[in-house]
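Report on the structure given below.
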Ligand code: B12
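Numbering (the working numbering), first residue to last: 10 to 491.
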């Protein structure tokens with residue numbers, strides 16, 4: 010049957026696009042799958058691989074009313090604005106629709122941007138389908154729109170049910186699988202949401218009902234990925250282990266297929282038996298959101314774990330021989346220098362218990378509507394006032410309201426070197442020098458006089474500029490594609 014209505018979905022570039030493991034653009038892929046199943050013709054462009062020129066050609070040959078663009082808080086916004094601007098310049102009648110967590114959190118500010126016509130808040134499948142099917146804007150739940158300068162927000166849409174989630178599949182026909190399965194590595198997401206209420210996480214407000222694919226459904230999707238050459242799977246679920254029955258069935262499957270995998274687990278859910286089972290069923294690494302070595306800060310973050318849980322997890326992974334990767338945060342409103350030192354002490358303790366484990370320290374950036382955001386405002390945090398300013402946020406840079414900015418940035422930057430085994434394994438002289446200084450700083454806890462910070466900023470800005478230029482191939486000022 011001829012598909013009548015057409016639409017385009019775009020996933021803009023990410024910072025360091027070339028250096029990152031390319032996760033399939035699931036945010037738009039699941040929407041595309043929902044549309045395809047309802048007879049809408051949809052074309053997906055991932056700007057990490059596709060060019061502006063390709064979108065331009067497609068839109069010149071096809072009548073499309075709406076183009077959907079996905080963006081996360083941070084550098085992706087910048088790239089999303091470039092493409093929105095480009096499309097508005099070349100196709101003035103096309104309506105630009107933004108979706109994703111950032112636009113959901115700040116629909117009003119997003120719509121104040123002249124290149125954006127509509128925002129879909131929350132899960133995009135149903136509202137976007139209704140929009141491209143021609144439903145009256147007034148009747149589309151989850152839609153925000155503007156008439157002249159006035160902005161309107163319809164009521165929230167319902168989230169997808171468990172059975173609707175189970176109907177979804179990865180629409181491989183819309184993308185080039187080789188882009189996303191490299192050397193056998195493949196990243197998949199098999200669930201949505203998380204029942205916990207960490208005060209810094211968007212899940213606590215929008216998405217705290219866990220809904221996952223059944224084990225059978227996961228197996229079907231993984232089988233397809235294996236056919237396409239996947240061998241090592243990384244699960245990017247916020248809470249992969251939420252359903253233990255599902256996990257038990259998947260463990261058997263992993264063993265049968267000899268799959269190697271990694272996934273996220275809460276430290277308080279780890280025990281010896283689970284760790285051993287995971288190891289015996291192909292688990293190579295577990296990721297833990299440890300966040301802080303100070304109990305006071307863990308409580309501010311509402312993590313519902315204690316410092317001992319973190320330390321215990323290191324002993325368990327050490328005894329079972331599973332590799333672990335701990336993610337830590339600094340720059341939390343209410344955190345003092347003593348708290349930061351406590352975090353450093355616990356990181357060192359964990360490394361002593363399990364020398365193989367990896368870690369990284371990130372600087373918290375408060376997202377509007379989360380509990381931590383109001384704490385930060387009370388401490389003098391001055392949030393970006395425009396959409397494009399949100400695009401300037403970098404996770405290794407501390408906001409101005411934080412005391413000891415340089416200390417936090419130096420901890421974060423050097424953690425990326427000390428905490429990752431790739432730097433120990435690599436013998437290139439510049440890396441060895443970097444490693445030497447970073448190790449010294451961590452041993453002595455000397456994070457002042459951050460020359461590396463300065464070099465890093467210069468180096469990163471330079472790379473950023475080169476990559477921005479190379480990836481967008483578009484000059485927003487001259488409107489030329491090179
Ligand atoms: C994989 C991932 C990444 C990958 C990249 C993803 C990719 N495709 O290559 C990497 C590792 C690179 C990454 C980086 C970052 N990430 Co990230 N990432 C994720 C993760 C784990 C999964 C994303 C995903 O695919 N989800 C599944 C899809 C189906 O859900 P979704 O994206 O929310 O999409 C739905 C809706 O939002 C909406 N929607 C989304 N886009 C659109 C577009 C349209 C048109 C419509 C209508 C609807 C719509 O509909 C979708 C389907 O229902 C999420 C956590 C999570 N579980 O979602 C974090 C997450 C998205 N990341 C986040 C952040 C902040 C980042 C960073 C900015 C971190 C940082 N501080 O540097 C960087 C950005 C890097 C950059 N350079 O720009 C935050 C976003 C929060 C926010 N305020 O936007 C999340 C939610 C993690 C968290 N809990 O804080 N990330």
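Glycine included, each C-beta is placed from N, C-alpha and C at the ideal position.
Label residue 72 either buried or exposed according to how many other C-beta atoms from any shown protein chain fall within 10 Å of its C-beta, with 16 as the threshold for buried. exposed
Under the three-state DSSP convention, the category residue 334 falls into: strand
Would DSSP call residue 99 helix, strand or coil? helix
Given residue 24 as reference, the closest of 61, 220 and 86 once Cα atoms are compared: 86
Neighbourhood of residue 362 by C-beta, 6 Å cutoff - its chain only, sequence neighbours within 5 removed: 323, 324 and 327
Residue 40 and residue 137 closer than 7 Å at C-beta: yes
Could you tell me which of 199, 429 and 269 sits nearest to residue 176, measuring between CA atoms? 199
On the three-pair Cβ rule with 8 Å, is the segment 143-156 touching the segment 414-423? no
Where does residue 69 sit, in a helix, a strand or coil, going by DSSP? helix
Measure the beta-carbon distance from residue 260 to residue 286 and round it to whole angstroms, keeping in mind my assumption that it falls under 8 Å. 6 Å
Give every residue of the same chain whose Cβ lies closer than 6 Å to the Cβ of residue 344, excluding the five residues on either side of it in the sequence, and list them in chain order. 306
Which parts of the segment 266-301 are runs of the alpha helix (DSSP H), unbroken and 4 residues or longer, counting only runs that do not cross its ends? 281-289
Can you tell me the Cα-Cα spacing of residue 129 and residue 201, whole angstroms? 18 Å
Using the three-state DSSP reduction, which class does residue 38 fall into: helix, strand or coil? helix
Using DSSP bridges, identify the partner residues of residue 191. 194
Please state whether the Cβ-Cβ distance between residue 368 and residue 428 is less than 7 Å. yes
Got a sec? Which residues, its chain only, sit under 6 Å from residue 486 by beta carbon, not counting five neighbours each side? Confidence is the limiting factor: at residue 486 the pLDDT is only 39, short of 50, which leaves the residue's position unreliable and the question unanswerable from this model.
Hey, could you find the ends of the beta strand (DSSP E) residue 16 is sitting in? 15-20
DSSP three-state label for residue 50, please. strand
Pairwise C-alpha distance: residue 70 and residue 13: 15 Å
CB-CB length for residue 179 against residue 31, believed under 8 Å: With 8 Å as the limit, residue 179 and residue 31 do not qualify as a contact, their Cβ atoms being about 14 Å apart.
If you run the structure through DSSP and keep just helix, strand and coil, what is residue 405? coil
Rounded to a whole number of angstroms, what is the C-alpha to C-alpha distance between residue 341 and residue 225? 40 Å
C-beta contact flag for residue 53 and residue 96 at 7 Å: no
Residue 211, enclosing alpha helix (DSSP H) - first and last residue: Taken as a continuous stretch (DSSP letters only), residue 211 belongs to no alpha helix (DSSP H), as it is neither H nor E.
Which residue comes first and which comes last in the beta strand (DSSP E) that contains residue 153? 152-156
Quick one: Cα of residue 163 to Cα of residue 58, how far? 35 Å
Does at least one heavy atom of the ligand MN sit under 6 Å from the Cβ of residue 106? Among the ligands in the structure shown, the ligand MN does not appear; only the ligand B12 can be found there.
Jot down the residue ranges of each uninterrupted beta strand (DSSP E) in the segment 84-143, minimum 3 residues, whole runs only, in chain order. 104-108 and 127-129
Sequence-distant residues of the same chain with beta carbon closer than 7 Å to residue 252, five excluded per side: 221
I'd like to know if the segment 240-247 and the segment 276-290 are in contact, where contact means that at least 3 CB-CB pairs between them fall below 8 Å. no
Taking the beta carbon of residue 204 as the centre, do at least 16 other beta carbons fall within 10 Å, making it buried, or is it exposed? exposed
Give a yes or no on whether the C-beta atoms belonging to residue 148 and residue 43 are separated by under 7 Å. no
Name the DSSP beta bridge partners of residue 243, please? 196 and 271
Check whether the Cβ of residue 63 lies closer than 7 Å to any Cβ atom in chain E. Protein chain content of the structure displayed is limited to a single chain, and chain E is not contained in it.
Quick check: the Cα distance between residue 121 and residue 278, rounded to an integer number of angstroms? 43 Å
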